[in-house]
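Structure record follows, encoded as structure tokens.
2 protein chains.
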Amino acid sequence: MVAQTELSDAEVDRIFHALADATRRDIVRRTLTVEASVSELASAYDMSFAAVQKHVAVLEGAGLVVKKPRGRERIVRGNPEQIRRAQALLDRYEQIWRSRIDRLDALLAGDGPSPQN
Amino acid sequence: MVAQTELSDAEVDRIFHALADATRRDIVRRTLTVEASVSELASAYDMSFAAVQKHVAVLEGAGLVVKKPRGRERIVRGNPEQIRRAQALLDRYEQIWRSRIDRLDALLAGDGPSPQN
DNA sequence: GTAACGTACAACCAAATGGTTGCACAAACT
DNA sequence: AGTTTGTGCAACCATTTGGTTGTACGTTAC
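Protein chains in written order, with this note's numbering: chain S, 2 to 118; chain L, 2 to 118.
Dropping the structure here:
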């Protein structure tokens with residue numbers, strides 16, 4: 002089990018915001034499989050190099066992607082660690098939901114009229 | 002197992018965008034536990050009623066929350082179904098990552114020099 | 001050394017976001 | 001009936017976003 006670095010609201014904002022764009026999600030998907038330079042990525046989309054470069058910067062700022070220099074290129078790699086962190090966030094919501102169910106179950110275990118939904 | 006309604010890019014955009022705001026995440030958290038009217042929610046945050054109402058509208062548009070009328074009030078309830086759908090999306094990325102690992106493992110199972118990271 | 005390539009960054013622009021106030025209207029209370 | 005409460009919506013505003021082009025600069029190739 003990895004130490005769960007507590008994410009600030011701002012960091013969580015950045016993660017979900019970064020994921021809220023189809024191009025950026027595609028970049029993550031792509032670089033989780035094979036790392037690619039920024040210009041390689043850029044050639045895959047119908048927009049300017051600068052636009053793609055900005056998307057990568059957003060992803061990097063959110064920690065969803067890591068850039069390492071190689072010669073004149075910057076190699077982009079998806080960061081599964083951060084994906085897992087995002088999953089953990091959503092898990093929390095699931096847990097909240099489940100604990101509510103548990104409480105209701107406990108309550109209904111006694112008796113009372115069937116709830117109207 | 003529930004039929005996995007295929008989400009469009011635009012829908013996924015809306016889900017993650019809705020989650021990219023601390024106030025909205027808090028509304029989801031809150032209404033997963035206890036449903037609340039819009040004005041009840043509004044009283045919990047340091048912003049105008051209209052602002053909170055807009056946040057709720059964004060969440061509703063993303064399907065993360067459901068509103069049902071009760072008298073003059075609109076009762077807001079978190080939608081665990083959609084949360085799960087978001088989780089499923091992130092799971093896909095995890096899978097992509099894992100399948101990459103598998104491929105690398107298969108490759109390295111043979112022989113070859115140890116990779117430089 | 002010079003040209004080409006890959007990246008970063010600034011300036012600019014249109015559209016979207018997140019907040020505000022004000023108004024309209026239906027439901028509930030007196 | 002009249003007032004209060006809860007909601008929705010429009011108009012407005014500042015800021016952010018997502019795109020563009022242009023420029024600068026380090027790295028690689030000739």
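Virtual Cβ for every residue (Gly too), placed ideally from N, Cα, C.
Determine the closest residue to residue i out of the options, with distance taken between C-alpha atoms.
i, options, result
"Ala37 of chain L", "L:Ile84, L:Arg99 and L:Gly79", "L:Gly79"
"Glu82 of chain S", "L:Arg30, L:Leu8 and L:Glu95", "L:Glu95"
"Ile102 of chain S", "L:Thr24, L:Glu41, L:Leu33 and L:His18", "L:Leu33"
"Tyr46 of chain L", "L:Asp27, L:Ala107, L:Val67 and L:Val35", "L:Asp27"
"Ser9 of chain L", "L:Arg86, L:Leu20 and L:Ala110", "L:Arg86"
"Arg25 of chain L", "L:Leu90, L:Glu12, L:Gln54 and L:Glu7", "L:Gln54"
What is the DSSP secondary structure of residue i, counted as helix, strand or coil?
i, result
"Ser123 of chain L", "No answer is possible for residue 123 of chain L: the residues shown for chain L start at 2 and end at 118."
"Arg85 of chain L", "helix"
"Arg73 of chain L", "coil"
Under a CB-based cut-off of 7 Å, is residue i close to chain L?
i, result
"Pro81 of chain S", "yes"
"Ala52 of chain S", "no"
"Ile76 of chain S", "no"
"Thr32 of chain S", "no"
"Gln117 of chain S", "At Gln117 of chain S the pLDDT is 47, less than 50, meaning the model places this residue with poor confidence; the figure from the coordinates comes in the next sentence. Taking Cβ atoms only, chain L never reaches closer than 7 Å to Gln117 of chain S, which makes this a no."
"Ala110 of chain S", "no"
Tell me where the alpha helix (DSSP H) around residue i begins and ends.
i, result
"Gly64 of chain S", "First-last for Gly64 of chain S: undefined, no H or E at that position."
"Glu12 of chain L", "Asp10 to Leu20"
Run the proximity test for residue i: is its beta-carbon closer than 6 Å to any non-hydrogen atom belonging to the ligand COA?
i, result
"Arg31 of chain L", "Absence of the ligand COA from the depicted structure is noted, as is the absence of any ligand whatsoever, leaving it without description."
Using a C-beta cutoff of 7 Å, does residue i count as contacting chain S?
i, result
"Leu20 of chain L", "yes"
"Leu84 of chain L", "For the record, residue 84 of chain L in the displayed sequence is Ile; it is not Leu. Yes, because at least one Cβ of chain S sits closer than 7 Å to the Cβ of Ile84 of chain L."
"Asp47 of chain L", "no"
Please return the same chain residues whose Cβ sits closer than 7 Å to the Cβ of residue i, not counting the five positions on each side in sequence.
i, result
"Gly62 of chain S", "Arg15"
Below 8 Å CB to CB, which residues in the same chain sit around residue i once its five sequence neighbours on both sides are set aside?
i, result
"Lys69 of chain S", "Arg75, Ile76 and Arg78"
"Asn118 of chain S", "Confidence at Asn118 of chain S is low in this model, with a pLDDT of 45, below 50, so its placement is unreliable and the value that follows should be read with caution. Correct list: empty, nothing qualifies."
Which residues in the same chain as residue i place their Cβ atom closer than 6 Å to its Cβ, once the five residues preceding and following it in sequence are excluded?
i, result
"Ala89 of chain L", "none"
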